[in-house]
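Asker: Below are the structure tokens for one structure; questions will follow.
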Amino acid sequence: MRHPRRHRLVESMLLAVVAAEVGVRLLSPREPPIEPAQVDLETYFSQAEIERGRRFARPQLALALTRGAIELASLVLVVRRPPRRLYRLFGRRPEAAGAASAAALVVGLSLPPLPLQAISRRRGISVGLVTQSWRGWAADLLKGAGIEAVLAGGAGAAVVAITRRYPRGWWLPASAGSVLFGAGLAALAPVVLDPVFNDFTPLPEGETRSDVLELAAAAGVSVGEVFSIDASRRTTAANAYVTGLGPTKRVVLFDTLLDRYNRDEVRVVVAHELAHVRNRDVLRGLIYAALVAPAAALAVQRLSWALSPERGSAGALPALALAAVLVGAPTGLIGNRLSRALERRSDAYSLELTGAADAFISFERAIALQNVADLTPPRWLASLLATHPPTAERIGAAVTYAQSSQAGYSEDGSSIP
836 MRHPRRHRLV ESMLLAVVAA EVGVRLLSPR EPPIEPAQVD LETYFSQAEI ERGRRFARPQ
896 LALALTRGAI ELASLVLVVR RPPRRLYRLF GRRPEAAGAA SAAALVVGLS LPPLPLQAIS
956 RRRGISVGLV TQSWRGWAAD LLKGAGIEAV LAGGAGAAVV AITRRYPRGW WLPASAGSVL
1016 FGAGLAALAP VVLDPVFNDF TPLPEGETRS DVLELAAAAG VSVGEVFSID ASRRTTAANA
1076 YVTGLGPTKR VVLFDTLLDR YNRDEVRVVV AHELAHVRNR DVLRGLIYAA LVAPAAALAV
1136 QRLSWALSPE RGSAGALPAL ALAAVLVGAP TGLIGNRLSR ALERRSDAYS LELTGAADAF
1196 ISFERAIALQ NVADLTPPRW LASLLATHPP TAERIGAAVT YAQSSQAGYS EDGSSIP
């Protein structure tokens, strides 16, 4: 590679990183987060509970990182030895070749890490976190592979068409297309893709639904519909999330959350999710993607040219995929900071809306144990990979909130009259 080309590549990579950093700074909440009190974890968890989470979660993380490394190595191998016979099958139909190649690439890359995925799953079964049968797991894998193949096929055909139409400047329309694709997926996934894997039941009339509507009214937000999801068919883990855009916007509560937590704890979780709706955090994530996409696409274009001589054909797709992974890694890690900032704001709003610091802490303790979480993750690791603040920080924020309220909070986490 000639030096000017190398310099342009480095410049575009740096530009993508700068765009991600600017996006985080622009979209992070302006109000300062609650300053978490320093808490002694052993006040809330036994040493055995802390050690159990560490013994389970850290090997799980190592397995996940190893799976990613295997997928990356497999992708490098495909770039070095592309399947030219597959490309030739489609003759003068480049878009069809792109669709088939992208679908085959996505499905093929998912195969080498399967043994490690099975090991990770077996470890989940051993701690009671996984409830699904192996047959059910295999069925989910097949359904997921089918959906990914269809989506990848469409994307592959579109990429080949764009790169042929704009051979030297395809990065700009490609970045616009990726943002539109992300927005469409965010809007349609709740009603098209998610029901393939789970049953969604509108929350029936009753105490929980009344609480949701009451909290939504207090927050001044329209939540769309509130659903319960049959998560217990796969896991004992509890969770809740906000999904969708516009008419598909909804709050989803795991049935494991509704079955195992008391009313005040569920209200705390619902208030947290309503904060995401109130602050339009799904839209905020799409805006972040739109800010980063042009610079990232330019870096992907230049890096893919450095990785492979192929241009405007299905043969260029493996190099494009590898370039997207290499560019997406640093921008994704930077984006995790935005995610943690939004989660802190939602925690703070949950505390303000409910005033239930005791329920907040009891929920954080219970869900950490139920999900077998690492309660003492290395700081550098949490700063890079975590999308949520660590448990100790979230408990500390609740303690600070309670100490600043009229009730106050004792050192052991109990309310002071």
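Residue numbers for the sequence shown, in this note's numbering: 836 to 1252. The C-beta atom is built at its ideal place from N, Cα and C for all residues, glycine as well. Every value quoted in this text rests on a predicted model; they were computed, and no experiment measured them.
1) When the Cα of residue 936 is compared with those of 1110, 989, 958, 968, which residue comes out closest?
2) Is the beta carbon of residue 898 closer than 8 Å to that of residue 951?
3) Using CA atoms only, rank isn't needed, just tell me which of 845, 911, 1210 is closest to residue 943.
4) In chain order, which continuous runs of the alpha helix (DSSP H) of length 4 or greater are located wholly inside the region 966 to 1039?
5) I need the DSSP call for residue 1245, collapsed to helix, strand or coil.
6) Using alpha carbons as the reference points, say which of 1080, 905, 925, 840 lies closest to residue 1149.
7) Out of 1215, 1195, 1006, 1003, which has the shortest C-alpha to C-alpha gap to residue 1235?
8) Let me confirm a value: residue 845 is counted as buried when at least 16 other C-beta atoms fall within 10 Å, else exposed. Which label applies?
9) So what does residue 1070 bridge to, in DSSP terms?
10) Among the candidates 1030, 1062, 1029, 1022, whose CA atom is the shortest distance from the CA of residue 1040?
11) Can you tell me the Cβ-Cβ gap for residue 940 and residue 1142, rounded? I've got them flagged as a contact below 8 Å.
12) What three-state label does DSSP hand residue 1086 in the structure shown?
13) On the DSSP bridge assignment, give the partners of residue 1063 in chain order.
14) So, residue 1180 versus residue 1114, is the Cβ gap smaller than 8 Å?
15) Should residue 960 go down as buried or exposed, given a rule of 16 or more other Cβ atoms within 10 Å for buried?
16) For residue 1076, which residues does DSSP report across the bridge?
17) Does DSSP put residue 850 in a helix, in a strand, or in coil?
18) Is residue 932 helix, strand or coil when you go by DSSP?
19) Quick one: grab the DSSP three-state call for residue 925.
20) Any idea if residue 1084 is buried or exposed, counting beta-carbon neighbours within 10 angstroms, 16 or more meaning buried?
21) Comparing alpha-carbon positions, which option in 1124, 1071, 1193, 1107 lies nearest residue 1206?
22) When we look at the beta-carbon of residue 847 and count the other beta-carbons within 10 Å, is it buried (16 or more) or exposed?
23) Can you give me the C-alpha to C-alpha distance between residue 957 and residue 949, rounded to a whole angstrom?
24) Would you give the residue range spanned by the alpha helix (DSSP H) that residue 1124 belongs to?
25) Helix, strand or coil for residue 1187? Go by DSSP, reduced to three states.
26) Tell me where the alpha helix (DSSP H) around residue 1196 begins and ends.
27) Just to confirm my understanding: we take residue 1208, look at its own chain, exclude 5 residues before and 5 after, and list those with CB closer than 7 Å. What are they?
28) Shortest alpha-carbon distance to residue 982 belongs to which of 964, 1106, 1171, 1024?
Answerer: Well, looking at it:
1) For the residues 1110, 989, 958, 968, the minimum Cα distance to residue 936 belongs to 989.
2) Contact flag set, yes.
3) With distances taken between Cα atoms, residue 943 lies closest to 911.
4) The region 966 to 1039 contains these whole alpha helix (DSSP H) runs: 969 to 1000, 1006 to 1027, 1029 to 1032.
5) Caution applies to residue 1245, whose pLDDT of 47 falls short of 50 and renders its modelled position unreliable; the value that the coordinates give is listed next. Here residue 1245 sits in coil by DSSP.
6) Minimum Cα distance to residue 1149 is reached at 925.
7) For the residues 1215, 1195, 1006, 1003, the minimum Cα distance to residue 1235 belongs to 1195.
8) Answer is exposed; the Cβ neighbour count stays below 16.
9) 965.
10) Nearest option by C-alpha distance: 1062.
11) With 8 Å as the limit, residue 940 and residue 1142 do not qualify as a contact, their Cβ atoms being about 14 Å apart.
12) In this structure, residue 1086 counts as strand in the three-state DSSP scheme.
13) Partner(s): 1036, 1088.
14) Closer than 8 Å, so yes.
15) The residue in question, residue 960, is exposed, as its Cβ has fewer than 16 Cβ neighbours within 10 Å.
16) Looking at the DSSP output, residue 1076 sits in a beta bridge with 1087.
17) When DSSP states are grouped into helix, strand and coil, residue 850 belongs to the helix group.
18) Shown here, residue 932 sits in a helix according to DSSP, grouped into three states.
19) Reduced to three states, the DSSP call for residue 925 is coil.
20) Within 10 angstroms of the beta-carbon of residue 1084 lie 16 or more other beta-carbons, which makes it buried.
21) Sorting 1124, 1071, 1193, 1107 by C-alpha distance to the C-alpha of residue 1206 places 1071 at the top.
22) Residue 847 comes out buried.
23) In this structure, the CA atom of residue 957 is about 12 Å from the CA atom of residue 949.
24) Segment 1116 to 1142, the alpha helix (DSSP H) holding residue 1124.
25) Note: residue 1187 maps to helix in three-state DSSP.
26) Residues 1192 to 1205.
27) For residue 1208, where only same-chain residues beyond five positions count, the Cβ hits under 7 Å are 888, 892, 1226.
28) Sorting 964, 1106, 1171, 1024 by C-alpha distance to the C-alpha of residue 982 places 1024 at the top.
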